[in-house]
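In what follows, a single structure is set out as structure tokens and then discussed.
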Amino acid sequence: MLRHFPREVSEAFQRLRASGDPVALECVVHAIVRDHIPSKAAAPKARLQPETSLIGDLGFDSMAISELVFFFEDLFQVSISNEEIVRVRTVGELCEFVREKLAAARVAAE
């Protein structure tokens, strides 16, 4: 799924899967968000910030958020409900949400 991403994103994903590295998680989430921005013109040139709004700053709409959710579900083998994702407003909240989902999946697998 990450074939078209730069090598550092694939490597970060491997570190994330192996150790739960929070820096790797941020790298992967940021890359996926950038890849799913509806209008590439809205993509900020600088690094995404935790307070960057998915809707207000990056132009995500319900369709783009759905595509983002589907990608995360497939990549991380988790289930994300509409009720859960509607509470996520910023890139920082999305990173924390993914972190919590992965932690819960790890606990369930044990």
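Residue numbers (my numbering): 1 to 110.
Just so it is clear, CB atoms sit at the ideal spot from N, CA and C, and this is done for glycine as well.
Ser-81, DSSP secondary structure in three states: The count along the sequence shown starts at 1 and reaches residue 81 at position 81. Correct three-state label for Ser-81: coil.
Selection from Leu-75, Ala-104, Ala-31 and Phe-71 that minimises the alpha carbon distance to Val-91: Position 91 of the sequence shown, counting from 1, holds the residue named residue 91. When only C-alpha atoms are compared, the closest one is Ala-31.
Applying the criterion that 16 or more other CB atoms from any shown protein chain within 10 Å of the CB defines a buried residue, is Glu-100 buried or exposed? Stepping through the sequence shown from its first residue, residue 100 is reached at position 100. The residue is exposed, with fewer than 16 neighbouring Cβ atoms inside 10 Å.
Supposed contact pair Phe-13 and Val-28 - C-beta distance, whole angstroms, cut 8 Å: Counted from its first residue, the sequence shown places residue 28 at position 28. Counted from its first residue, the sequence shown places residue 13 at position 13. Yes, Val-28 and Phe-13 are in contact; Cβ-Cβ is about 5 Å, under 8 Å.
Which residue marks the beginning of the alpha helix (DSSP H) containing Glu-73, and which one marks its end? Position 73 of the sequence shown, counted from the first residue, corresponds to residue 73. Where Glu-73 is concerned, the enclosing alpha helix (DSSP H) stretches over 62-76.
Kindly identify the DSSP beta-bridge partner or partners of Thr-90. As a first step, residue 90 must be located in the sequence shown, where it is residue number 90. Bridge partners of Thr-90: Ser-53.
Does Ser-39 come out as helix, strand or coil in the three-state DSSP assignment? On the sequence shown, residue 39 is found 39 positions in, with the first residue counted as 1. Correct three-state label for Ser-39: coil.
Could you check the C-alpha separation between Met-1 and Arg-17 for me, to the nearest Å? The residue given as residue 1 occupies position 1 in the sequence shown. The residue given as residue 17 occupies position 17 in the sequence shown. If you take the alpha carbons of Met-1 and Arg-17, they lie about 14 Å apart.
Ignore the nearest five residues each way along the sequence and tell me which others in Arg-89's own chain have a CB closer than 8 Å to its CB. Here residue 89 refers to the residue found at position 89 of the sequence shown. Same-chain partners within the cutoff: Ser-53, Leu-54 and Ile-55.
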